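Residues in the sequence shown are numbered from 525 upward in steps of one, following our numbering. Just so it is clear, CB atoms sit at the ideal spot from N, CA and C, and this is done for glycine as well. Please read all numbers here as calculations on a predicted model, not as lab measurements. Step one of this worksheet: look at the structure below.
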Amino acid sequence: MLSKYKLNHIAAGLLDKFVGRDNDYQRHWALGVMYFEARAADNRIDLNLLAACANPPFPASTSLARTWAHHLRQALGRHGAALDELDAATISVEFGLPPVPKRPGYIEYGDPFLCSLRLVAKDGRVAERRRMEHCAPADEFWNSWFGPYTG
525 MLSKYKLNHI AAGLLDKFVG RDNDYQRHWA LGVMYFEARA ADNRIDLNLL AACANPPFPA
585 STSLARTWAH HLRQALGRHG AALDELDAAT ISVEFGLPPV PKRPGYIEYG DPFLCSLRLV
645 AKDGRVAERR RMEHCAPADE FWNSWFGPYT G
C-alpha cells in the first residue's frame with residue numbers, strides 16, 4: 525500500500541520531470557508542442573495516465589500520455605507499488621493564462637501555463653501538485669528560427 529509520503533513523493537517527482545526542459549516530443553519541448561495542439565481545444569489538455577490517453581486526443585498529447593503512463597509505472601515500481609493501487613492519475617495543463625509578474629533572475633519566455641498532477645489512491649488519499657511556468661507554442665519558437673512549423 526502506498527503511504528501518503530510516497531504518494532506525494534511520486535507526484536512531486538513526476539510533475540518536476542514533466543515541466544522540465546528534458547520532456548521532449550520528437551526533439552521539441554513537449555509543453556510547446558502541447559500548447560500548439562491545445563490552441564484548437566480551448567487551451568487545455570488532460571492526460572489520463574491510467575488509461576494512457578489524452579483529452580482531446582491530439583497526436584502529440586496521446587503519445588505523451590503513453591510516455592508518462594510508463595514513467596508513472598516506473599516511479600510506482602521504485603516504491604514497491606503497482607498501477608492497480610491507484611484510482612486516478614491525471615496531468616492537466618492549461619495554457620494561455622493571463623500574464624503574471626516575471627520572477628527576478630529567471631528567463632521566462634512565452635505565456636504562463638498551469639500544470640496540475642493528481643494521484644488518487646484506492647483508499648481515497650490524494651496527492652496533488654501544481655506548477656506555473658511559461659511556454660510558447662512550438663510553432664512560434666520554430667518560426668523564429670527555421671520557418672513554418674508543420675507539427
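Top-ranked residue by Cα proximity to residue i, from the options
{"i": "D566", "options": "N572, M558, L573", "result": "M558"}
{"i": "L571", "options": "H594, Q550, W553, H552", "result": "H594"}
{"i": "W562", "options": "A651, V617, P636, E657", "result": "A small correction: the amino acid at residue 562 is Ala; Trp does not occupy that position in the sequence shown. Checking every option, the nearest Cα to that of A562 belongs to V617."}
{"i": "I534", "options": "A651, M656, P661, R655", "result": "A651"}
{"i": "A554", "options": "K528, N579, A584, Y529", "result": "A584"}
{"i": "R627", "options": "R642, R602, K528, M656", "result": "M656"}
{"i": "S527", "options": "R568, K541, L600, F582", "result": "L600"}
{"i": "G620", "options": "R568, D647, G648, A612", "result": "R568"}
{"i": "A613", "options": "R602, L596, G629, A564", "result": "L596"}
{"i": "N579", "options": "M525, P622, I615, A536", "result": "I615"}
{"i": "D608", "options": "D647, A536, F582", "result": "D647"}
{"i": "G537", "options": "G604, R551, Q598, P622", "result": "Q598"}
Cβ pair residue i, residue j closer than 8 Å
{"i": "A645", "j": "L531", "result": "yes"}
{"i": "A589", "j": "L573", "result": "yes"}
{"i": "C639", "j": "G556", "result": "no"}
{"i": "T586", "j": "C577", "result": "yes"}
{"i": "F560", "j": "D635", "result": "no"}
{"i": "L539", "j": "L641", "result": "yes"}
Terminal residues of the beta strand (DSSP E) in which residue i lies
{"i": "D570", "result": "568-572"}
{"i": "A578", "result": "577-579"}
Limits of the alpha helix (DSSP H) - the one that residue i falls within
{"i": "N532", "result": "528-543"}
{"i": "A562", "result": "554-562"}
Neighbour-count burial assignment, residue i, 16 or more Cβ in a 10 Å radius
{"i": "V624", "result": "exposed"}
{"i": "Y549", "result": "buried"}
{"i": "R653", "result": "buried"}
{"i": "P661", "result": "buried"}
{"i": "I631", "result": "exposed"}
{"i": "F542", "result": "buried"}
{"i": "F670", "result": "Low local confidence applies: a pLDDT of 47 at F670 is under 50, so the model's placement there is unreliable, and no value is given."}
Restricting to runs no shorter than 4 residues, where is the alpha helix (DSSP H) found entirely within the region 585-663?
Runs of alpha helix (DSSP H) with 4 or more residues, each lying fully within the region 585-663, are absent.
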